[in-house]
Structures are given as C-alpha cells and as structure tokens.
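Everything below concerns the one structure shown next.
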Amino acid sequence: MNIVGHHHISMYTKDAKRNKDFYTNVLGLRLVEKSVNQDNPSMYHLFYGDEVGTAGTILSFFEIP
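For the record, in the sequence shown the residue sitting at position 44 is 44 according to the UniProt record's numbering, with numbers rising by one throughout.
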C-alpha cells in the first residue's frame, strides 16, 4: 500500500474561542466549518483550511475542556 497524502489532521483544544482566534487571526487560516463533536454534542469540532477546504490542507480540532 502506498500512502500519497492525508485528508486532514485532528487535534484537541481546551478553548475553542482561543483556538479560533489563533488559527484565523495569527496564522491566517480560514474557518471552513464549525460543528459539534458527534460523541458529545456539547463540545465544538472546528475545521480550518485553505480558501476552498481542499483535502490535505485541513486541520481539525475537538474542544475537550
């Protein structure tokens, strides 16, 4: 099997607001989607990427306080 790339990388954050401020205002990424964690709808799931959300450019964060 050859691995030719990745779709997205997922990580955890303790603070969705601070996470969004850093990745959009400091790094200049675009918030592609904001949804909830399917396993716990009280927690956010944030997606950042390029202007069109191209696979391979996506960073995903689960808010886990």
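Even for Gly, the Cβ is constructed at its ideal location relative to N, Cα and C.
DSSP-derived helix/strand/coil call for T57: coil
Strand pairing of F47, partner residues [DSSP]: DSSP lists E33, S60 as the bridge partner or partners of F47.
Sequence-distant residues of the same chain with beta carbon closer than 7 Å to N20, five excluded per side: It is Lys, not Asn, that sits at residue 20 in the sequence shown. L31, L46, listed in sequence order.
Cβ neighbour criterion (16 or more within 10 Å) applied to Y12: exposed
Cβ pair I3, S60 closer than 9 Å: no
Local Cβ density within 10 Å of L29, reported as buried at 16 or more and exposed below that: buried
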